[in-house]
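Sequence lines, in order, name chains Y and C.
By the count of the numbering used here, the first sequence reaches residue 147 at its end, each step adding exactly one.
By the count of the numbering used here, the second sequence reaches residue 55 at its end, each step adding exactly one.
Accompanying notes for the structure given below.
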Amino acid sequence: MERLLNDQIVKQIEGAFHQLKQPVQMLFFGSGKDCEYCADARQLLEEVAAVNDKISLKIYDIQTDKDIAEKYNVDKFPAIVIAAKDSEQISNLGIQFSGVPSGHEFSMLVNDLLLVSNRDSGLSPAVREFLKNLSQPVLLQVFVTPT
Amino acid sequence: MIRAEGIDAQEFQELAQQYYVSGVPQTVINSGAKMVVGAVPEQNLLAQIKLALAN
Chain Y
1 MERLLNDQIV KQIEGAFHQL KQPVQMLFFG SGKDCEYCAD ARQLLEEVAA
51 VNDKISLKIY DIQTDKDIAE KYNVDKFPAI VIAAKDSEQI SNLGIQFSGV
101 PSGHEFSMLV NDLLLVSNRD SGLSPAVREF LKNLSQPVLL QVFVTPT
Chain C
1 MIRAEGIDAQ EFQELAQQYY VSGVPQTVIN SGAKMVVGAV PEQNLLAQIK
51 LALAN
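In structure tokens form, the structure reads like this:
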């Protein structure tokens, strides 16, 4: 299959990935049926994971790996969970993207990988303090478009 | 306790329509308890989260 990322983009993300600190685990959830863009999304992530050893990728099918999808609260496909990885321990930080991360969304993916790798949200102390004491779940769904 | 999900509005049009997404980015807090249109500073988003939780 033809590559999705050209040499120039690979070079750019190679540069960005110099800032990676800790390992990151991407979990891809696709579907063997009724998914027009799952193959593209999967290939894109495979190409990204190949750029740097600190990024690894696991491939799941939302139908056959239902338990894992539920564990990570994934209810759409294609979807990507970006989790922290420490030795073999994967920690879900609740960061997810639903859709194919192309166009503008591709830089969001790269930023998310860096953020998770640094293990730092970058939030202000006041916001951290509030969030630490949350007693109810908060779901933030950010709608975006690739263009 | 906190989950953040980026969603492609074109790929998941039905969901986008359900929340009347007309411009991006649009942030939907707790399935519509509050909405934030545009990219806003951290403090503004926090204020909306607080309102969503107070509902």
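Virtual Cβ for every residue (Gly too), placed ideally from N, Cα, C.
Distance between residue j and residue i (C-alpha atoms, nearest Å)
{"i": "Val51(Y)", "j": "Lys21(Y)", "result": "15 Å"}
{"i": "Gln89(Y)", "j": "Ser56(Y)", "result": "13 Å"}
{"i": "Gln12(Y)", "j": "Ser117(Y)", "result": "18 Å"}
{"i": "Val74(Y)", "j": "Gly15(Y)", "result": "31 Å"}
{"i": "Asn30(C)", "j": "Val10(Y)", "result": "36 Å"}
{"i": "Asp112(Y)", "j": "Leu93(Y)", "result": "11 Å"}
{"i": "Pro137(Y)", "j": "Ile49(C)", "result": "10 Å"}
{"i": "Gly38(C)", "j": "Val142(Y)", "result": "10 Å"}
{"i": "Cys35(Y)", "j": "Arg42(Y)", "result": "11 Å"}
{"i": "Lys54(Y)", "j": "Ser87(Y)", "result": "11 Å"}
{"i": "Glu42(C)", "j": "Ala52(C)", "result": "15 Å"}
{"i": "Gly32(C)", "j": "Gln13(C)", "result": "16 Å"}
Beta-carbon spacing of residue i, residue j below 7 Å
{"i": "Thr147(Y)", "j": "Gly99(Y)", "result": "no"}
{"i": "Met26(Y)", "j": "Ile82(Y)", "result": "yes"}
{"i": "Val21(C)", "j": "Thr27(C)", "result": "no"}
{"i": "Leu140(Y)", "j": "Ala16(C)", "result": "no"}
{"i": "Gln10(C)", "j": "Thr64(Y)", "result": "no"}
{"i": "Ile59(Y)", "j": "Phe77(Y)", "result": "no"}
{"i": "Leu4(Y)", "j": "Glu47(Y)", "result": "yes"}
{"i": "Pro101(Y)", "j": "Leu109(Y)", "result": "yes"}
{"i": "Ile80(Y)", "j": "Phe28(Y)", "result": "yes"}
{"i": "Leu44(Y)", "j": "Met1(C)", "result": "no"}
Interface residues of chain C facing residue i [CB-CB closer than 9 Å]
{"i": "Val127(Y)", "result": "Glu42, Gln43, Leu45, Leu46"}
{"i": "Val24(Y)", "result": "Residues of chain C passing the Cβ test: none, with the nearest at roughly 15 Å."}
{"i": "Val100(Y)", "result": "Asp8, Glu11"}
Chain-ordered chain Y contacts of residue i [CB-CB under 9 Å]
{"i": "Leu53(C)", "result": "Leu134, Ser135, Gln136, Val138"}
{"i": "Glu14(C)", "result": "Those within 9 Å of Glu14(C) in chain Y number zero; the least Cβ separation is about 11 Å."}
Listed by chain order, chain C residues near residue i by CB distance under 7 Å
{"i": "Val48(Y)", "result": "Within 7 Å Cβ-Cβ: nothing; Val48(Y) doesn't reach chain C, min ~15 Å."}
{"i": "Leu123(Y)", "result": "Glu42"}
Within chain Y, partners of residue i - CB distance below 7 Å
{"i": "Gln10(C)", "result": "Thr145"}
{"i": "Gly38(C)", "result": "Simply none; closest approach about 11 Å."}
{"i": "Gln17(C)", "result": "Within chain Y, no residue comes near Gln17(C); the closest Cβ sits about 11 Å away, beyond 7 Å."}
Beta bridge counterpart(s) of residue i as assigned by DSSP
{"i": "Lys58(Y)", "result": "Leu27(Y)"}
{"i": "Thr27(C)", "result": "Val142(Y), Val36(C)"}
{"i": "Lys33(Y)", "result": "None, per the DSSP bridge assignment."}
Which residues, in order along the region 50-77 of chain Y, keep a beta-carbon less than 8 Å from a beta-carbon of chain C?
-> Listed by position, the residues of the region 50-77 of chain Y near chain C (Cβ gap below 8 Å) are Asn73, Lys76.
For the region 87-98 of chain Y, enumerate the residues whose C-beta is nearer than 7 Å to any C-beta of chain C, in chain order.
-> The residues in question are Gly94, Ile95, Gln96, Phe97, Ser98.
Pull out every residue of the region 131-145 of chain Y whose Cβ sits closer than 7 Å to any Cβ of chain C, in chain order.
-> Under the 7 Å Cβ criterion, the region 131-145 of chain Y contributes Leu131, Leu134, Gln136, Pro137, Val138, Leu139, Leu140, Gln141, Val142, Phe143, Val144, Thr145.
Residues, ordered as in the chain, of the region 104-121 of chain Y that lie near chain C by beta-carbon distance below 7 Å | Result list: Glu105, Met108.
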